[in-house]
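J.: Mind having a look at this structure? Questions to follow.
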Amino acid sequence: MTFSPCPVAGGYCVVAATQSHNRIHAQFAVRTHNSQNLTFLSVVEAQRRVVVEAQRLVVNGLYYKLAIHVRDHPFTRVYEAIVHETPRGRQTLKKFEPLLPLPSPPLFGGYHQTDANEALIQLWPNLQSRKPMT
Numbered sequence: 001m002t003f004s005p006c007p008v009a010g011g012y013c014v015v016a017a018t019q020s021h022n023r024i025h026a027q028f029a030v031r032t033h034n035s036q037n038l039t040f041l042s043v044v045e046a047q048r049r050v051v052v053e054a055q056r057l058v059v060n061g062l063y064y065k066l067a068i069h070v071r072d073h074p075f076t077r078v079y080e081a082i083v084h085e086t087p088r089g090r091q092t093l094k095k096f097e098p099l100l101p102l103p104s105p106p107l108f109g110g111y112h113q114t115d116a117n118e119a120l121i122q123l124w125p126n127l128q129s130r131k132p133m134t
């Protein structure tokens, strides 16, 4: 991932996903989504990075577009969240949705669980070099 200097205003720019404030925004996004939708999602803290990709936009505060590892039991999925932080430090969640849908259950036969995002999580660094997140 190449980092370009962020413009003062206009257009998203890539920022380091490992920055601590990105983790704070990711946890805020999951917590807010859980309270608004009565879900029990949790941020994946083990081994993998919590934030896969982070972008920032400067418009009347800061907009953070984050790709987040989230545990949606029993699956681990990548969600896209957009968090707006006002100049006074107030955060609001603008968008929170999975990047890929859950797999459909089998039409016949036995029961099995699959994680549709597992391949995406492993291939994510290769995919982001080909196509920017919109």
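Per full-length UniProt numbering, the sequence shown starts with residue 1, numbered consecutively.
In this text, a Cβ means the ideal position worked out from N, Cα and C, and glycines have one as well.
Treat the numbers as computed from the prediction; the structure is a model and nothing was measured.
1. Label Tyr12 either buried or exposed according to how many other C-beta atoms from any shown protein chain fall within 10 Å of its C-beta, with 16 as the threshold for buried.
2. Looking at the structure shown, is Val58 part of a helix, part of a strand, or coil, going by DSSP?
3. Have a look at Ser20 and Ala26 and give me their C-alpha separation to the nearest angstrom.
4. Going by DSSP in three states, Ala26 sits in which element: helix, strand or coil?
5. Can you grab the Cα-Cα spacing for the pair Gln55 / His73, in whole Å?
6. Short of 7 angstroms in beta carbon distance, which residues of its chain neighbour Leu62, apart from the five on each side in sequence? Order them along the chain.
7. Would Asn22 be called buried (16 or more neighbouring beta carbons within 10 Å of its own) or exposed?
8. Beta strand (DSSP E) containing Phe75: first to last residue?
9. Leaving aside the five residues before and after Thr2 along the sequence, list all residues of the same chain whose C-beta is less than 7 angstroms from its C-beta, in chain order.
10. CA-CA distance, Val43 and His69?
T.: Let's see:
1. Working through the sequence shown from its first residue, we reach residue 12 at position 12. A residue is called buried when at least 16 other Cβ atoms come within 10 angstroms of its Cβ; Tyr12 meets this threshold and is buried.
2. Mapped onto the sequence shown, residue 58 falls at position 58. Here Val58 sits in strand by DSSP.
3. Within the sequence shown, residue 20 is the residue found at index 20, counting from 1. Within the sequence shown, residue 26 is the residue found at index 26, counting from 1. Their Cα atoms are separated by approximately 10 angstroms.
4. Taking the sequence shown and counting its residues from 1, one reaches residue 26 at position 26. In this structure, Ala26 counts as helix in the three-state DSSP scheme.
5. Taking the first residue of the sequence shown as 1, we reach residue 55 at position 55. Taking the first residue of the sequence shown as 1, we reach residue 73 at position 73. Linking Gln55 to His73 through their CA atoms gives a straight-line distance of about 27 angstroms.
6. Walking along the sequence shown from the start, residue 62 turns up at place 62. So the qualifying residues of the chain are Arg56, Glu85.
7. Within the sequence shown, residue 22 is the residue found at index 22, counting from 1. When all chains shown are included, Asn22 counts as buried.
8. Here residue 75 corresponds to residue number 75 of the sequence shown, with the count starting at 1. Phe75 -> beta strand (DSSP E) spans 75 to 85.
9. Within the sequence shown, the letter at position 2 stands for residue 2. Caution is warranted here: a pLDDT of 49 is assigned to Thr2, below 50, making its placement in the model unreliable, and no coordinate value can be reported.
10. Translated into positions along the sequence shown, residue 43 becomes position 43. Translated into positions along the sequence shown, residue 69 becomes position 69. Spanning the two alpha carbons is a distance of roughly 6 angstroms.
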